[in-house]
Structures are given as structure tokens and as C-alpha cells.
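Here the structure is laid out as C-alpha cells; the discussion comes afterwards.
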Amino acid sequence: MVTTRASSRGASVGPEFSSVVEFSPIPETPSTRKRTIKATPSTSTNDSSKKRHLSIDTAQIWHHTPSSMTILWLAISVPLVTWDIGYVFGRPHTMPDGFLHWPMYVPYALYGQVDHIYGWKAFDAKNGFTAAQTALNVVESLMYLVYLWMLWTRADKASEGVAKRTLSGRDGAVAVIIAFSAAVMTLSKTVLYLANEYYSGFDNISHNTPMDIFTLWVLPNGCWILLPTYMIWAFGKEILDGLTIASGQSVKESRE
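Residues in the sequence shown are numbered consecutively from 1, following my numbering.
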């Protein structure tokens with residue numbers, strides 16, 4: 001073997017040589033230190049980034065949960081608007097002395113005297129504004145019904161301890177856009193209704209006393225301004241949150 005010959009040769013030639021070779025450590029330099037730092041924490045960095053990514057994904061899941069105020073308002077307003085649609089498109093039969101007037105449309109006898117746009121004055125003058133705004137009522141009411149139908153039939157499975165219905169994914173997005181658009185229509189139409197009266201010199205309501213105008217005209221129409229405004233704010237906020245999450249930004253970060 002090589003070791004035997006080396007040792008025997010070493011015995012005859014001179015002092016004994018060791019076969020063990022030792023390498024001196026490479027001195028640490030700034031470049032080697034940087035390579036070491038880059039190499040060692042890679043796994044921990046990946047783990048922390050994965051954890052951060054997962055925490056953001058699980059926390060930022062968009063869904064729509066309607067407020068109790070929204071459901072209550074739709075439960076009141078949709079039947080009332082449907083009632084109003086029947087009165088306007090049923091004229092003159094739904095007006096006083098018409099065969100459809102009693103009992104369903106009796107309250108319109110009073111309101112037609114308060115606001116002539118709903119009375120004989122506008123009907124005899126063939127004023128088309130009443131029927132035109134009612135045609136928009138049909139569209140927005142159908143949109144509200146579609147929203148409620150989606151909320152009832154396509155809601156997510158109820159979680160433990162969660163009583164309210166929620167919609168997520170594409171169904172939730174479609175429902176929110178429909179309800180938001182309908183609320184914008186309601187508010188815009190009501191403002192147009194009031195503006196029409198203002199720019200016509202209050203021709204249809206100026207015969208009333210200030211108290212009658214406030215209690216029988218301002219308060220009822222004011223509800224169709226305040227509540228749709230609230231719905232626009234609520235649904236608009238949800239649309240904005242969904243777009244923020246889709247852009248990869250945290251909703252909390254966007255508000256800070």
C-alpha cells in the first residue's frame with residue numbers, strides 16, 4: 001500500500017512524515033460575510049413571507065352583508081312604490097269616482113289634492129311627468145326585487161353564530177352593483193321630482209298651507225332622499241372595499 005511504502009521510505013530516508021493534511025481556515029472578508037448572510041436566512045424569510053401572505057389572504061375576503069336598515073327600508077318602500085305604480089298607470093280608473101278607486105286607492109284622493117301632479121289637474125293637462133317618473137319606478141323596483149331574490153336564494157351557507165345572510169364572490173358583487181344602481185336611480189328621480197316643482201314655481205303645491213306642505217309633502221318625499229342616500233353610501237363603501245382588496249391592498253391600510 002502507499003502508506004506502507006511511504007512509512008518505510010520515511011524510515012530509511014529521514015524523519016517520519018504524517019499523511020494528515022490540514023487546511024487553514026479562510027480569513028473572513030466582507031464579501032464572504034455577505035454571502036453567508038444571504039445564504040442562511042433564506043428559509044426563515046420565505047416562511048415569514050408565506051405567513052404574512054396567508055394572513056392577508058384569510059383576513060381580506062370580501063363579502064356583502066346587508067344592514068338591517070336596508071332590509072327594513074326595502075320591505076316598506078317596494079310595496080309602497082308598487083302601490084303608487086298601480087295608481088298612476090291605472091288612472092283615471094284609480095282616481096276618485098273610478099271603479100278601481102275604492103278601497104285600495106282612497107288615500108290618493110287626499111294626496112291628489114295636496115300635490116296636483118297626482119290629481120286631476122295634471123291628468124287633464126296630459127302632463128307626462130307623472131307617468132314618466134313612474135316608469136322609472138318600475139325599473140328600480142325590479143332591480144330591488146332582483147337584489148332581494150339574490151340575497152334570499154344565493155346567500156352563503158350560514159355560519160355558526162351568524163344570523164344575517166351574506167353574499168360573496170361574483171353573486172355578491174352583482175347584487176351590490178344592482179342595489180347601488182337602483183338606489184342612485186331612486187335618489188336622482190326624487191331630486192328631479194322636487195326640482196321640477198321648484199322650477200315650475202311650486203305650481204302643484206303652492207295652494208297648501210305651510211304645515212300641510214311639511215307634513216304631507218316634505219316628510220314623505222324626504223324619506224326617499226335620506227334612505228337612498230344611506231344605501232348609496234353603504235353599497236358604495238362595499239364596492240370600494242372590494243376594489244381595494246382586488247388591487248392587493250389591505251382595506252385597513254387604505255383607510256389609514
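Beta carbons are placed, not taken as given, at the ideal position from N, Cα and C, and that holds for glycine.
- If you check the CB distance, residue 120 and residue 104 do not come in under 8 Å.
- By the C-beta criterion, the stretch 229-248 is judged to be in contact with the stretch 167-180, since at least 3 inter-stretch pairs fall below 8 Å.
- The residue among 249, 226 and 215 with its C-alpha nearest the C-alpha of residue 184 is 226.
- Here the alpha carbon of residue 134 sits roughly 23 Å from the alpha carbon of residue 214.
- Beta-bridge analysis with DSSP links residue 200 to no other residue.
- Judged by DSSP secondary structure, residue 75 falls within the alpha helix (DSSP H) whose first and last residues are 68-89.
- The beta carbon of residue 118 sits closer than 6 Å to the beta carbons of 111 and 112 from its chain, once the five residues preceding and following it are set aside; these are given in chain order.
- Annotation for residue 126: no alpha helix (DSSP H) segment contains it, and DSSP assigns it neither H nor E.
- In this chain, the alpha helix (DSSP H) harbouring residue 212 covers 210-213.
- For the pair residue 168 and residue 101, the Cα-to-Cα distance works out to about 45 Å.
- DSSP, read as helix, strand or coil, puts residue 64 in strand.
- In the structure shown, the three-state DSSP call for residue 100 is coil.
- For residue 109, the enclosing alpha helix (DSSP H) stretches over residues 107-114.
- Pairing residue 191 with residue 141 gives a Cβ-Cβ distance that is not under 8 Å.
- Between residue 90 and residue 123, the alpha-carbon positions lie close to 12 Å from each other.
- Under DSSP, the beta-bridge partners assigned to residue 167 are 64.
- Comparing alpha-carbon positions, the option among 197, 233 and 60 lying closest to residue 130 turns out to be 197.
- Minimum Cα-Cα distance from residue 223 among the listed residues 76, 61, 63 and 67 corresponds to 76.
- Distances from the CA of residue 144 to each of 186, 205 and 154 were compared; the closest alpha carbon is that of 186.
- Excluding five sequence positions before and after residue 88, the CB atoms of its chain that fall closer than 7 Å to its own CB belong to 130, 131 and 134, given in chain order.
- DSSP places residue 230 in the uninterrupted alpha helix (DSSP H) bounded by 219-246.
- Residue 193 has its alpha-carbon roughly 39 Å from the corresponding atom of residue 247.
- The beta carbons of residue 205 and residue 115 sit about 6 Å from each other, so the pair counts as a contact at 8 Å.
- By the neighbour-count criterion, in which a residue is buried when 16 or more other Cβ atoms sit within 10 angstroms of its Cβ, residue 233 is exposed.
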